[in-house]
Amino acid sequence: FTSYVNAHVFLFYPLLTVTLLDSMSALADLGWEAYPNEGWEEISVMDERNTPMRTYQVCNVMEANQNNWLRTRHISREGAQRVYIEIKFTLRDCNSLPGVPGTCKETFNMYYYESNNANLWFIKESQYMKIDTIAADESFTQVDVGDRVLKLNTEVRDISNLSKKGFYLAFQDLGACIALVSVRVFYKKCPLTVLNLAQFPDTITGGDTALVEVHGVCVNASEEFEAPKMYCSADGGWLVPIGRCVCKPGFEENKDVCQPCRPGTYKASATDAYCTKCPLHSSSPQEQAVECLCEKGFYRAETDPRSMACTRPPSAPENPISTVNETCVTLEWSPPRDTGGRGDITYSLHCRKCFGDGKKCTPCGSSVHFIPRQFGLMSATVLVTDLQPDSNYSFTVESQNGVSDLSPIPRGTVVINVTTSQTVSVVLKERRSKDSVTLAWQGPERPNGAIVEYEVIYYEKNQREQNYTVLKTRSNMMTVDGLKPGTTYVFRVRARTDGGYGSYAPGEIELETSHEDVLAIGDPNQSTILAVSIAGGIVLLIFLVTCFVVSGRHCGYIKAKQDPDEEKMQFQHGRVKLPGSRTYIHPHTYEDPNQAVRDFAKEIDASNIRIERVIGAGEFGEVCSGRLRVQGKREIYVAIKSLKAGYSDKQRRDFLSEASIMGQFDHPNIIRLEGVVTRCKPVMIITEFMENGSLDTFLKKHDGQFTVIQLVGMLRGIASGMKYLSDMSYVHRDLAARNILVNSNLVCKVSDFGLSRVLEDDPEAAYTTRGGKIPIRWTAPEAIAYRKFTSASDVWSYGIVMWEVISYGERPYWEMSNQDVIKAIDEGYRLPAPMDCPVVLHQLMLDCWEKGRSDRPKFGQIVTILDKLIRNPASLRDLANSSAWEDPSTPEFSVSTVDEWLEAIKMGQYKDNFSSSGYVSLDSILYISISELSKMGVTLAGHQKKILSSVQSLQTQGTHVQV
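According to mature numbering (1 follows the signal peptide of the UniProt record, and there is no 0), the residues represented by the sequence shown are -26 to -1, 1 to 937, in order.
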């Protein structure tokens, strides 16, 4: 035995264990109990490093009925419910011992006895609990010892469900030749670890295979977001992390440690992942900031989120206008030039009535009324009623926003002075007749501005509510003709100045026309007069008709000559067009492209445009929003595309060609051109302003927030606009959700005509490009292969737009390369139905993606189909991809990996996200949360919902999912 022990190299034990007994580490006698005394014997041997080791051996094989016991000292379990016993031993082959009786054994038994008493000197054999019978994998002979090729046997057994303070181990020999080289007793622990900012302490494993639930403690500057816990497995591994801690406000996570936010950054909420840069007009000079302090003159309201830039009060309203109407006045103004960086502008009015020279003014009081209200106005107009006539008023209009109350600076105001009109004095002239009355009046002594005109209304006294007539004159005298003889009329007069209408003259003037003489039909003289009068009237009528015809022809000729645009629309390229039909004219067909701009785009004076902010960048320069002042109308919001400095003549022509194209269109679903600025720099294109921007970005921002009918309504608008373009023989070539704009009423309008081309009269003709980039994912296969573009290729692109809308802005074909897309389409692949997509809509998409151009529907047919769906919402109930786990008739297919599961629920694009975040087994995803999904990059609400629904299915079905 000694030779074998000296020749063996022992292995180191695992690091995640706690040793309770190790005979190899004993420096003196082990002192274990052996009985009978002639049985087990303790001896000391040297290992290969000449270090003494204590071993026990027994070899009483020559005598029958052996029963030799060896018992260790009391071993404290230290709270462990399950311990492991590792023994290293050698055992000699009975056949190698000559003359040994048949009772020789090649096994021995191992027992244990639980006890709270550490000083027991005697234990009955029947009280021991058997652990196992131990047999050797390798036995040796005397020859083996000489050759020094013996192998040490190692066996590990465990004891579970221990409950007392400790236990004794015992070894029973029944007649074998054994050497116990090493006995090691240990238990396993799950080591101290930090995960998700929670620290989990060293934890002793449970008995049997039970998992031990351990609650974590948040580290340094973190707090519980969801109670963190893990399970310690029986073999010392941590499993199933649940919950997490998050860094407190002012701290961010970095490698499982919360670090304070650096100066210039902040974190307002524990749920925010990282510290962010201070918003505009704010700063944080110290570390660990939970919010950034506003610069001087800027403020943040209590209800403002901490991520919002600091703002300031607005400037004063501009361009005040007043319109007086009797004792009422309409006040209008323009929004302040500087809004302070906020959108919550409101207005309040203060009214004062002034006397004499206007230096003495007092509040108007409650007798004056404001419609809709006096304070907190959202719009820049108000109607003031119940003013006193011939009086001076001063109205102060104050603009304010959410931080106006925080600023010590006086608020921005503008004053509007108003004088209500005086009444006129009416004096009746003495002259009147049977069918007319002459009136004269005196104007106001102090009119509110120059008198523009007088208004006279009159009506029959007994028919006031039924009928009245309005006459206007600049003179202060009027003769009213065409009255009935012997009839009483009521007259009223008022004046109008630049400031508006004044009050009617007090009282009503009643006048009666004289009675008409009765004509006697039997009188021959009067009959002659009547005949002559009739004949004269007939001659006069013929003369007037002749003049009308001649003058009408003459006017028509003049109009045709004065309207070259109309003439050009009727005679294009030498071809006569039927009235009402229109064909798109490409700007490149003009010898002078500037003429195309003049023909189709209105020139706007740059002084009427006010640029407010940059909203994007285009191919040729910046895109801004602003206001356009139209003469006689209110300002309107517009989008402004400007041509960047240093442009070439070709760039200018290309830039303005889009305006020449847009100017030919007039449809509610096509972006409207307001005009161009070409006579000064920068050159600009002005279009209507679409508040919600591009359709793809808008849908991503509002993922899952619209009904199917609303989405179909959007699609119907796009199809209607494309039908209009198609009817004009116009091909867009770049129809995609990014090129659809959405206004505040969710009306979708086709825009971006940079790639558009013209078709000939033949509807099957196509325009062949000579190079240029093609948007592969949206383009029909024939357009990709042969660069042939038709309205049918636009229909293919429309099918892709349908898919984008129903999927809330998902990228078509996901992460496939362009070459993979081309190959897949050529092999017959088509995009599957998006989540919650009605069957009829996906079928319409597939119709748009027919390989043959002639097999695709026309835009007119598409509009008709969508109209029917809108009128019959029940047809949209059947979904093309109803969640399979909600359908009990769907068969089950088991999945064994996270990748298979993601593919089964059609979320395969997130494989790398899950893998890089450590979710590599199905068990690990069972308790995933929305916050974890967002953290790993799954941000779309629809995708989060689908993944979490599938996880719930996995929990209930035991890692089986129906696909």
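Every residue gets a Cβ at the ideal spot worked out from N, C-alpha and C, and that includes glycine.
- If you check the CB distance, G649 and I578 come in under 8 Å.
- In this structure, D3 is the residue among D3, W14, N39 with its C-alpha nearest to the C-alpha of P26.
- In this structure, DSSP gives M20 an extended state, which the three-state scheme calls strand.
- Contact annotation: A150 and F82 have beta-carbon atoms nearer than 8 Å.
- If you check the CB distance, K723 and M658 do not come in under 8 Å.
- The secondary-structure analysis by DSSP pairs P337 across a beta bridge with R326.
- Note: R466 is bridge-paired with I431 in the DSSP secondary-structure output.
- Here P175 is exposed: its Cβ has fewer than 16 other Cβ atoms, across all protein chains shown, within 10 Å.
- Residues of the same chain with a CB within less than 7 Å of the CB of E596, apart from the 5 flanking positions on each side, are V588, S616 in chain order.
- Across the set E60, R51, A424, V130, the C-alpha of R51 shows the shortest separation from the C-alpha of A92.
- Per DSSP, reduced to three states, the secondary structure at W823 is coil, with no helix or strand assignment.
- Around the CB of N846, fewer than 16 other CB atoms lie within 10 Å, so the residue is classed as exposed.
- Contact between D670 and R707 is absent: CB atoms are separated by about 18 Å, not below the 8 Å threshold.
- Burial is judged here by how many other beta carbons sit within 10 angstroms of a residue's own beta carbon; E784 has at least 16 and is buried.
- Residue state for Q260 is assigned as coil, using DSSP reduced to three classes.
- Between A110 and N90, the C-beta gap is not smaller than 8 Å, which leaves the two residues out of contact.
- Counted as a single uninterrupted DSSP element, the stretch harbouring V342 is not any alpha helix (DSSP H), since DSSP gives it neither H nor E.
- Residue Q31 holds the alpha-carbon nearest to the alpha-carbon of S18 among P10, Q31, S891.
- I49 is positioned such that its CB atom lies closer than 8 Å to that of F141.
- By the criterion of a C-beta distance shorter than 7 Å, V191 is surrounded in its chain by A172, Q173, once the five residues flanking it on both sides are discounted.
- Runs of the beta strand (DSSP E) spanning 3 or more residues and lying entirely within the region 559 to 643 occur at 583 to 591, 596 to 602, 610 to 616, in chain order.
- Put simply, the region 366 to 373 touches the region 314 to 324. At least three CB pairs are less than 8 Å apart.
- Scanning its chain for C-beta atoms nearer than 8 Å, with the 5 sequence neighbours on each side dropped, one finds around L71 the residues V35, C78, C151, in chain order.
- In the same chain as V721, and ignoring 5 residues on each side of it, the C-beta atoms closer than 8 Å to its own belong to P642, N643, G691, in chain order.
- Taken through DSSP and simplified to helix, strand or coil, K162 comes out as strand.
- Bounds of the alpha helix (DSSP H) holding P755 are 755 to 760.
- Per the C-alpha coordinates, the member of S(-4), D278, R47, A759 positioned closest to K62 is S(-4).
- T443 counts as exposed, since fewer than 16 other C-beta atoms from the protein chains shown sit within 10 angstroms of its C-beta.
- Here P310 has P288, S289, A290, P291, E292, I319, S373, G386 as same chain residues with Cβ atoms under 8 Å from its own Cβ, once five neighbours each way along the sequence are excluded.
- Considered as a whole, the region 183 to 241 harbours 186 to 189, 196 to 206, 212 to 221, 225 to 227, 232 to 234 as its complete beta strand (DSSP E) runs of no fewer than 3 residues, in chain order.
- The Cβ atoms of Y478 and E434 do not sit closer than 8 Å to each other.
- Under the three-state reduction of DSSP, W788 is assigned to coil, being neither helix nor strand.
- The beta-carbon separation of R470 and V426, rounded to 5 Å, stays under the 8 Å limit for a contact.
- CA-CA distance, G834 to Q817, rounds to 17 Å.
- In this structure, A710 is the residue among D623, A710, T250, V814 with its C-alpha nearest to the C-alpha of A754.
- At least 8 Å separates the beta-carbon of L815 from that of I774.
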